[in-house]
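Structure record follows, encoded as structure tokens.
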Amino acid sequence: MTKIGPNLNGILFLLLAMLIISLQSIAVKGLGGSYPVLEMVVLRNLVALPFTLLFFRLEGKRGLPSTPQFKLEFTRGMFLFLSYTTFMMGLAALPLAEVEAIRFSGPLMITLLSVFLLREKVELPRWLALLVGFLGVLLIVRPGSASFNLGSVFILISVLFYALTVISTRKLQATDSSATMAYYSSLVYLAAALVLVPLTLMVGEVPDAPPSLAFLFRAWAMPSLLDGIIMCGLGLVWAGWTYCMARAYSLAQASVAAPFEYLSLPINIIWGFALWREIPTWLTLAGAGLTLLSGMFILYLNRKAR
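Heads up: the sequence shown begins at 979 in this note's numbering, then just goes up one per residue.
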């Protein structure tokens, strides 16, 4: 196989992962007004765990997944827990398009962290592209303005931990299969959620809390049959996403695959408009455009370097 082969395969897995995880955003946004985030997370991961074992079997393995790097698997699972719990909290307060526009900083942050943690070489033009991309993020978030939304902070926190997840995936790919990573991330995610649940129940609902915090501390409720099916269905979505994401960044260089995550914006603009008639603002689109151009330029430089 030529050098470009693994990168292309990784990019295809990444595109599939983005399409799969967009279904979770739809479900969380649709159900978030009735249930707390941790209730949805616990049900999702209880269902996801058996599917990760199925993926493990499909890789030709038997028994339970094992790893020589348990500490790193645990750390990666915690990164995912922090990333997607804060992502869901931000999603409760923002339109889908704005959430994805802010998450455009993910590939930029992955590239930046790749320099320090993976020792991947980044030249001056790429540093300038990173700067332009982060300026685009500031244009979307607009800190200090009247339109600033606390949900934006949770999405930025989510992006940071997602970037760390990707870096951890690159470090684990030498010893652990994609199914093994999916299993441990789901297991750690579930354990972390169960530890946090009693704390949120003790605090209880917070009066007049912003939507993001209300989503965390909302009282648990027995879901209707349809809502229960949707929450359990998120387990399959999560298992598929964790496998595809792990596979993507195991095959492809982080700095090569990451810019393709920008396609998540048109996917979520379509979902947001079709389901909730959400139309992104011009500032959101302008900021997204800057980060998009930045990422595409980084991709061009990566290809040229080869």
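Just so you know, even glycine gets a beta-carbon here, dropped at the ideal spot from N, CA and C.
Quick caveat, the model's predicted, so the values are computed rather than measured.
DSSP three-state assignment for residue i, whether helix, strand or coil
i	result
isoleucine 1145	helix
glutamine 1002	helix
glycine 1218	helix
arginine 1081	helix
phenylalanine 1126	coil
alanine 1157	helix
serine 1017	The identity of residue 1017 in the sequence shown is glutamate, whereas the question assumes serine. It is helical.
arginine 1120	coil
leucine 1042	coil
arginine 1104	helix
proline 1189	helix
glycine 1267	helix
alanine 1152	coil
valine 1093	helix
glutamate 1037	coil
glycine 1008	helix
valine 1025	helix
valine 1184	coil
threonine 980	In this prediction, threonine 980 scores a pLDDT of 44, lower than 50, which makes its location untrustworthy; no coordinate-derived value is stated.
Cut-off 7 Å between Cβ atoms - residues of its own chain near residue i, not counting five sequence neighbours on either side
i	result
serine 1190	Met1067, Gly1068, Ala1070, Ala1071, Leu1128, Gly1129, Phe1132
serine 1061	Ser1136, Phe1139, Tyr1140, Thr1143
proline 1334	Past the edges of the chain, shown from 979 to 1284, lies residue 1334, and the structure says nothing about it.
alanine 1199	Ser1012, Tyr1013
Through-space distance from residue j to residue i, alpha-carbon basis
i	j	result
leucine 990	alanine 1226	7 Å
alanine 1169	isoleucine 1118	34 Å
leucine 993	tyrosine 1013	29 Å
phenylalanine 1251	lysine 1039	43 Å
isoleucine 1248	arginine 1255	9 Å
leucine 1024	proline 1103	45 Å
methionine 1180	aspartate 1186	18 Å
leucine 997	valine 1234	19 Å
cysteine 1222	isoleucine 1276	23 Å
tyrosine 1167	threonine 1220	11 Å
proline 1046	threonine 1053	14 Å
tyrosine 1162	valine 1115	32 Å
threonine 1262	phenylalanine 1126	12 Å
threonine 1089	leucine 1203	43 Å
alanine 1264	leucine 1036	44 Å
glycine 1010	phenylalanine 1195	12 Å
phenylalanine 1065	glutamine 1002	11 Å
isoleucine 1207	leucine 1229	33 Å
leucine 1177	glutamate 1183	12 Å
glutamate 1101	phenylalanine 1057	28 Å
leucine 1029	alanine 1217	Here residue 1029 is phenylalanine; the residue named in the question, leucine, does not match the sequence. Between phenylalanine 1029 and alanine 1217, the C-alpha separation is close to 6 Å.
alanine 1224	alanine 1197	33 Å
alanine 1152	methionine 1159	12 Å
Contacts around residue i, its chain only, beta-carbon distance under 6 Å, and the 5 residues preceding and following it disregarded
i	result
leucine 1270	Tyr1240
threonine 1259	none
glycine 1111	Leu1086, Thr1269, Ser1272
isoleucine 1004	Trp1249
alanine 1026	Ser1164, Gly1213, Trp1216, Ala1217
Sequence-distant residues of the same chain with beta carbon closer than 8 Å to residue i, five excluded per side
i	result
leucine 1243	Ala1075, Glu1078, Ala1079, Phe1082, Ala1266, Leu1270
alanine 1171	Leu1016, Val1019, Val1020, Asn1023, Phe1059, Thr1063
proline 1073	Gly1250, Trp1254, Glu1256, Pro1258
methionine 979	Note on methionine 979: pLDDT 40, under 50, position unreliable in the model; the coordinate value appears next. Correct list: empty, nothing qualifies.
serine 1000	Ser1242, Ile1245, Asn1246, Trp1249
leucine 1279	Glu1101, Pro1103, Arg1104, Ala1107
leucine 1050	Ser1146, Lys1149, Leu1150
Quick one: complete alpha helix (DSSP H) runs, 4+ long, within the stretch 1054-1081?
Taken in chain order, the complete alpha helix (DSSP H) segments of 4 or more residues contained in the stretch 1054-1081 are 1074-1081.
Checklist entry - Which runs of the alpha helix (DSSP H), 4 residues or longer, sit entirely within the stretch 1195-1262? => result Counting whole runs of 4 or more residues, the stretch 1195-1262 contains the alpha helix (DSSP H) stretches 1203-1229, 1232-1235, 1242-1254.
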